[in-house]
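If you read the sequence shown in our numbering, its first letter stands for residue 115, the second for the next number, and so on. The beta-carbon is built from N, C-alpha and C at its ideal position, and this holds for glycine as well.
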Amino acid sequence: MSRFRILSVGRGMPKHEKGLFDDYAGRMKRYGGLELVEIAEGQRTGKESPATRSKAIADEGERILEKMDKRLWMALDRGGKLLDSETLAAQLLRWQEAGDRDVGLIIGGPDGLHERVLQGVAFKLAFGPMTFPHMLVRVMLAEQLYRAMTLQHGVPYHR
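Take a look at the structure:
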């Protein structure tokens, strides 16, 4: 059984996305659980200078680093590795078999993750070159974790 924790920059989810996330989090209970920890977004105005943007990323990074515990951590990053669902399930299983039962996943803010956060993770994962809304990425990640667990346990969900 693995316990998964998602650290995600941003507060609150629209009702529809929250319902979808909560559905997958509920399904994950039988596999150890899935927890979402929201991280406050750095201050942005929409017209900030590069220095202000860098400060926002650094502030988010500090808050993320404060929440990172001893578990194995992965980060979603556009420069990360592209995996299909089966390969993600196999990778998670390898970590579990190596003793890393608890896995954390990090979703950055609108400008990505601070380099210190990226240096502190064991793996960088990408969902592809496109940009997705952060609240939707939470749902996509929860679904992929659920899919990975069903693949590991032979549950007929993945087709």
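Simplified DSSP assignment, three categories, for residue i
| i | result |
| --- | --- |
| Lys238 | strand |
| Val151 | strand |
| Val251 | helix |
First and last residue of the uninterrupted alpha helix (DSSP H) at residue i
| i | result |
| --- | --- |
| Phe135 | Lys129 to Met142 |
Assumed close pair residue i, residue j - CB separation to whole angstroms, cut-off 8 Å
| i | j | result |
| --- | --- | --- |
| Glu174 | Gly156 | 5 Å |
| Arg192 | Ala240 | 6 Å |
| Met182 | Gly234 | 6 Å |
| Ala256 | Phe135 | 5 Å |
| Gly226 | Ile153 | Going by Cβ atoms, the distance from Gly226 to Ile153 rounds to 13 Å, so no, they are not a contact pair. |
| Met249 | Met127 | 5 Å |
Segment limits, beta strand (DSSP E) that includes residue i
| i | result |
| --- | --- |
| Phe246 | Per DSSP, Phe246 belongs to no beta strand (DSSP E) and is neither H nor E. |
| Ser116 | Segment: none, Ser116 is in no beta strand (DSSP E) and carries neither H nor E. |
Status (buried if at least 16 other CB within 10 Å, exposed otherwise) for residue i
| i | result |
| --- | --- |
| Gly140 | exposed |
| Ala165 | exposed |
| Arg273 | exposed |
| Met244 | exposed |
| His267 | exposed |
Let me know the alpha helix (DSSP H) ranges lying completely inside the segment 154 to 234, each 4 residues or longer, listed in chain order. 164 to 181, 199 to 211 and 229 to 233
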